[in-house]
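Chemist: One line per chain: the protein sequences are A and B, in this order. So the number in the working numbering is just where the residue sits in the first sequence, counting from 1, plus 3. So the number in the working numbering is just where the residue sits in the second sequence, counting from 1, plus 6.
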Amino acid sequence: MITIINPSTDPCFNMAVEEYLIKELDSPEDIFMLWQNRPTVVVGRNQNTIEEINPAFIEQQGITVVRRLSGGGAVYHDQGNLNFTFVVNNSRDFANFEKFTLPVVDTLARLGVKAEYSGRNDITIQGRKFSGNAQYKHRHRLLHHGTILFDSDIEAMVQALNPSKAKITSKGIKSVRSRVTNISEHLPGSLSVAEFKRVLAEEILGPDYGQDRPLSPTELKRVQQLCCRKHASWDWAYGSSPPFNLRRTAAFSWGNIDIRLDIKRGMISACRIYGDYFARGDIRELEYHLVGTLYRQTEVRSCLEAISLQEYLPQMGYDEMIGLLFV
Amino acid sequence: MNIPADLLYTKDHEWIRVEGDQCHIGISDFAQSHLGDIVFVELPELDIEVGAGQAIGVIESVKAVATLFCPVGGTIVEINEELESSPELLNEDCYANWIAVVELNDKSELETLMEASAYSEFCRQAETGV
């Protein structure tokens, strides 16, 4: 097993590294990587991003939002969290979560903490989750990755993963809330995340410990490409959500409004606006203009400005409308 | 393992049923049983041109996400939208519940696919490593 040294904490770059390792690196040897992200929300492959996040908190804290290749629910990463990735050629390890989580359980046992693999792809201590795991299969190669909460900011996690109560419906995968814990709370002595990382690497790699290499300049260039073209793009993190419907209603001094949007591939594909206000223009025109616009604040705002919102909703300000459409 | 004799198969565990210039494609019993409970299917886009082996969709189960590859080159002319609301149909009957219909560009591409007997042997090797 070869260990890839990846000191980057840029989540978009790190997602691109994983994609490179499974799809493009033709290695006869299995690959292992330990890595960390600066504060990030990582949504599952088939999740509707806006159903999973608290955009106000995320913007205020400068948290990055990325999508991963594997499935399941949204997770929060920061530098108190450690991620591990295996890329193996043997597709018989498919769905074998115990094999990949056992070294984590064993490492903790060595440190005096009793952890166990739970049926639902998690590793727990006293029934509380500290590690979520997922797999992604591409041809004969399999990627298994997991998170390990060592001393993450749980308060920030809870806030970042607390979506609005807007009425959104989609077929996307919903996150399951779990009671979580940090490993550091359970350790008999004190240990830094860097020390824990070394102990874990020794346990996982055994005699292969120290067989490591950084990405080559050519590989870095390719990863940068994947990062820019896909993982750092709005199209992937938000636009690749499954289709969803959004319904927003609000009461203003000038009347009530009820807006319904269908969003497919990140674009408004249908729009209806109802209300009991007086308007000069035909509201159908406004709906017509919104269809085909990306469901993204900057795009929707320029669409509204281009056609003059006041024609259709005389008393409504742009900020009010944006606030209603993006919660 | 159910491997119907009248279908063709790929190493990525997709099946192909040829009818004239069109073929239905889906995932095999091996694929669905290894994935476990399927919870989401991202269908291919309609009317797009695809090459053989190109990624056209994604299947998510409680265990993993797997890429769906197009076994043959052509145009996607139909998709089974029922799978969007009921992905579990792939577990219930993976051969009745096709994923897409592809209009073939080049029928000779079918020669690269496996017949049931060869695919059966391929699955046995994948399971046992022998």
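Ideal placement from N, C-alpha and C gives every residue a C-beta, glycine not left out. Nothing here was measured: the structure is a model prediction, and the numbers come from that model.
What residues in the stretch 27 to 43 of chain B bring their beta carbon closer than 9 Å to a beta carbon of chain A?
Modeler: HIS40, LEU41 and GLY42
Chemist: By the three-class DSSP mapping on this structure, what secondary structure does GLN28 of chain B have?
Modeler: Locating residue 28 of chain B in the second sequence gives position 22, where the first residue counts as 1. GLN28 of chain B falls in the strand class under three-state DSSP.
Chemist: Name the one or two DSSP bridge partners that ALA254 of chain A has.
Modeler: As a first step, residue 254 of chain A must be located in the first sequence, where it is residue number 251. Answer by DSSP bridge pairing, in chain order: A:ASN259.
Chemist: Going by Cα to Cα distance, which pick from A:LEU111, A:VAL303 and A:ILE260 is closest to SER272 of chain A?
Modeler: Looking up residue 272 of chain A in the first sequence gives position 269. With distances taken between Cα atoms, SER272 of chain A lies closest to A:VAL303.
Chemist: With 16 other CB atoms within 10 Å as the buried threshold, where does ALA124 of chain B fall?
Modeler: On the second sequence, position 118 is the one that residue 124 of chain B refers to. Classification of ALA124 of chain B: exposed, given that the 10 Å Cβ count is below 16.
Chemist: If the cut is a Cβ gap below 8 Å, which residues of chain B does LEU72 of chain A touch?
Modeler: Against the first sequence, residue 72 of chain A aligns to sequence position 69. Simply VAL71.
Chemist: Any Cβ of chain A within less than 8 Å of the Cβ of PHE128 of chain B?
Modeler: Taking the second sequence and counting its residues from 1, one reaches residue 128 of chain B at position 122. Cβ-Cβ to chain A under 8 Å: no for PHE128 of chain B.
Chemist: For TRP21 of chain B, which residues does DSSP report across the bridge?
Modeler: As a first step, residue 21 of chain B is located in the second sequence; it is residue number 15 there, counting from the start. The partner list for TRP21 of chain B (beta bridge, DSSP) reads B:TYR15 and B:GLY32.
Chemist: Roughly how many angstroms separate the alpha carbons of TRP237 of chain A and LEU327 of chain A, rounded to a whole number?
Modeler: To locate residue 237 of chain A, count along the first sequence from 1; it is residue 234. To locate residue 327 of chain A, count along the first sequence from 1; it is residue 324. Answer to the nearest angstrom: the Cα atoms are 21 Å apart.
Chemist: Pick from A:GLN313, A:GLN39 and A:ALA169: whose alpha carbon is nearest that of LYS261 of chain A?
Modeler: For the purposes of this step, residue 261 of chain A is taken as residue 258 along the first sequence, with counting starting at 1. Checking the displayed sequence, the identity of residue 261 of chain A turns out to be Asp instead of Lys. For the residues A:GLN313, A:GLN39 and A:ALA169, the minimum Cα distance to ASP261 of chain A belongs to A:ALA169.
Chemist: Anything in chain B within Cβ reach of GLN138 of chain A, meaning under 7 Å, just list it in chain order.
Modeler: Taking the first sequence and counting its residues from 1, one reaches residue 138 of chain A at position 135. The contacting residues are LYS69 and ALA70.
Chemist: Could you pull the DSSP bridge partners for GLU55 of chain B from this structure?
Modeler: Sequence index remark: in the second sequence, residue 55 of chain B carries index 49 (1-based). BP columns for GLU55 of chain B point to B:THR81.
Chemist: Report the residues of the stretch 34 to 64 of chain A with a CB closer than 7 Å to any CB of chain B, ordered along the chain.
Modeler: ARG48 and ASN49
Chemist: Counting pairs of Cβ atoms below 8 Å between the stretch 86 to 102 of chain A and the stretch 65 to 77 of chain A, do you hit three or more?
Modeler: The stretch 86 to 102 of chain A and the stretch 65 to 77 of chain A do not touch, with fewer than 3 CB-CB distances between them shorter than 8 Å.
Chemist: Along chain B, which residues have their Cβ under 7 Å away from the Cβ of ILE151 of chain A?
Modeler: Here residue 151 of chain A refers to the residue found at position 148 when the first sequence is read from its first residue. The contacting residues do not exist; ILE151 of chain A stays about 20 Å from chain B at best.
Chemist: Using a C-beta to C-beta distance shorter than 9 Å, which residues of chain A count as neighbours of SER91 of chain B?
Modeler: Here residue 91 of chain B is taken as the residue at index 85 of the second sequence, counted from 1. Chain A residues near SER91 of chain B: LYS174.
Chemist: Return yes when at least one heavy atom of the ligand FAD lies under 7 Å from the C-beta of PHE60 of chain A, else no.
Modeler: In the structure shown, the ligand FAD is absent, as is every other ligand, since no ligand is present at all.
Chemist: Would you list the residues sitting across from PHE87 of chain A in a DSSP beta bridge?
Modeler: By one-based count along the first sequence, residue 87 of chain A stands at place 84. PHE87 of chain A is bridged to A:LEU37 and A:GLY149.
Chemist: Please decide whether ARG142 of chain A counts as near chain B, where near means a Cβ-Cβ distance under 8 Å.
Modeler: The sequence position of residue 142 of chain A within the first sequence is 139, counting from 1. Interface residue, yes.
Chemist: Let me know the alpha helix (DSSP H) ranges lying completely inside the stretch 78 to 130 of chain A, each 4 residues or longer, listed in chain order.
Modeler: 100 to 113
Chemist: Closer than 9 Å by beta-carbon distance: list the chain B residues that pair up with PHE87 of chain A, in chain order.
Modeler: In the first sequence, residue 87 of chain A corresponds to position 84, counting from 1. In chain order: nothing, as chain B lies at least about 16 Å away.
Chemist: Would you identify the three-state DSSP class for ALA137 of chain A, choosing helix, strand or coil?
Modeler: Position 134 of the first sequence, counted from the start, is the residue given in the question as residue 137 of chain A. Correct three-state label for ALA137 of chain A: strand.
Chemist: Name the two residues that bound the continuous alpha helix (DSSP H) containing ALA124 of chain B.
Modeler: Here residue 124 of chain B is taken as the residue at index 118 of the second sequence, counted from 1. The continuous alpha helix (DSSP H) containing ALA124 of chain B extends over residues 122 to 134.
Chemist: Between THR43 of chain A and THR67 of chain A, which are expected to be in contact by the criterion C-beta below 8 Å, what is the C-beta distance as a whole number of angstroms?
Modeler: On the first sequence, position 40 is the one that residue 43 of chain A refers to. On the first sequence, position 64 is the one that residue 67 of chain A refers to. Between THR67 of chain A and THR43 of chain A the Cβ distance is about 5 Å, and since that is below 8 Å, they are a contact.
Chemist: Run the CB neighbour count on PHE247 of chain A, radius 10 Å, all protein chains shown included, and call it buried at 16 or more, exposed below.
Modeler: Here residue 247 of chain A refers to the residue found at position 244 when the first sequence is read from its first residue. Per the 10 Å Cβ criterion, buried.
Chemist: So if I threshold CB-CB distances at 8 Å, which residues from the stretch 97 to 108 of chain A count as touching chain B?
Modeler: Of all residues in the stretch 97 to 108 of chain A, PHE97, ALA98 and PHE100 have a Cβ within less than 8 Å of some Cβ in chain B.
Chemist: Give the range of the alpha helix (DSSP H) segment to which ARG287 of chain A is assigned.
Modeler: Position 284 of the first sequence, counted from the start, is the residue given in the question as residue 287 of chain A. Note, ARG287 of chain A: alpha helix (DSSP H), 286 to 293.
Chemist: Is DSSP giving ASN248 of chain A helix, strand or coil here?
Modeler: Residue numbering aside, residue 248 of chain A sits at position 245 when the first sequence is read from its first letter. The answer is strand: DSSP assigns ASN248 of chain A an E or B state.
Chemist: Flag this pair as touching only if the stretch 47 to 60 of chain A and the stretch 21 to 37 of chain A have three or more C-beta atom pairs under 8 Å; answer yes or no.
Modeler: no
Chemist: With distances taken Cα to Cα, identify the nearest neighbour of GLY192 of chain A among A:LEU114, A:LYS132 and A:SER219.
Modeler: What you label residue 192 of chain A is simply residue 189 of the first sequence in a count that begins at 1. Checking every option, the nearest Cα to that of GLY192 of chain A belongs to A:LEU114.
Chemist: Specify the secondary structure class of GLY213 of chain A as computed by DSSP and reduced to three states.
Modeler: Mapped onto the first sequence, residue 213 of chain A falls at position 210. If DSSP states are grouped into helix, strand and coil, GLY213 of chain A belongs with coil.
Chemist: Count the other CB atoms, across all protein chains shown, that sit within 10 Å of the CB of LEU19 of chain A; report buried if there are 16 or more and exposed otherwise.
Modeler: Numbered from 1 along the first sequence, position 16 holds the residue referred to as residue 19 of chain A. The sequence shown places Ala at residue 19 of chain A, rather than the Leu named in the question. It is buried - the Cβ of ALA19 of chain A has at least 16 other Cβ atoms within 10 Å.
Chemist: Check whether the Cβ atoms of GLY79 of chain B and GLU115 of chain B sit closer than 8 Å, and answer yes or no.
Modeler: Numbered from 1 along the second sequence, position 73 holds the residue referred to as residue 79 of chain B. Numbered from 1 along the second sequence, position 109 holds the residue referred to as residue 115 of chain B. Contact flag set, yes.
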